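Before any comments, here is the structure.
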Amino acid sequence: MAKLTKFHAGVAFVLAAGIPLVAGCAARDDQGSSEETPHASVASSPPPSVIDVTRTPPDISGSTETLVRLSDRTGSEEVTVIRNIKAGTIAVATECAGEGKTTIGIGKLGTYGILCETAPGTTYNEIGLGSSKHNVKITVTASAGIHWGLSVGWRPGHERPS
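Letter by letter, the sequence shown follows residues 9 to 170 of my numbering.
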């Protein structure tokens with residue numbers, strides 16, 4: 009049999025002594041405790057007054073093709089002219105923060121207004137196209153002090169609202 013040296017005996021002692029501590033932590037976590045521990049998903053600070061869409065413009069999940077993605081904009085602007093949009097569905101996501109109104113124009117296909125509040129908010133809209141459209145001008149008209157972001161996407165097919 010191998011001889012147990014003082015060094016190996018010391019290592020075995022430290023390991024043996026540490027096991028109950030580790031097991032105790034795991035068991036305590038599984039059973040819960042009466043003390044509250046902070047979680048990453050809990051926000052303790054108030055929501056920001058301005059949307060931080062500098063890193064992530066509004067989400068248009070489900071769109072096959074991204075046509076426009078803008079972030080951290082203020083004021084009114086003619087965003088772009090989309091030269092050709094095939095038949096299908098256009099998805100429009102708009103985020104805004106600040107007191108006032110924002111109006112989104114999707115060429116001759118539609119125009120709608122959004123009331124913006126101090127707390128950031130997102131609005132989703134879809135427009136079904138039975139045929140291709142050409143030279144579709146995307147515009148945003150925003151009240152002074154409104155911060156906004158806009159994403160426009162496209163996917164094949166469209167369903168009528170029920």
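Glycine is no exception: its CB is placed at the ideal position from the N, C-alpha and C atoms.
Everything numeric in this text was worked out from a predicted model, so none of it was measured.
Any idea if residue i is buried or exposed, counting beta-carbon neighbours within 10 angstroms, 16 or more meaning buried?
| i | result |
| --- | --- |
| SER71 | buried |
| ALA150 | buried |
| ALA99 | buried |
| THR110 | buried |
For residue i, which residues from the same chain have a beta carbon less than 7 angstroms from its beta carbon, with the 5 sequence-adjacent residues on both sides left out?
| i | result |
| --- | --- |
| GLY96 | LEU137, TRP162, ARG163, PRO164, GLY165 and HIS166 |
| PRO66 | ALA101, THR102, GLU103, THR130, GLY157, LEU158 and SER159 |
How is the beta strand (DSSP E) around residue i delimited, first residue to last?
| i | result |
| --- | --- |
| GLY157 | 155-163 |
| THR149 | 141-150 |
Would you list the one or two residues that DSSP bridges to residue i?
| i | result |
| --- | --- |
| THR131 | THR102 |
| GLY136 | THR97 |
| THR72 | Its beta-bridge partners do not exist; DSSP assigns none. |
Which runs of the beta strand (DSSP E), 3 residues or longer, sit entirely within the segment 77-128? 85-93, 96-105, 108-114 and 118-124
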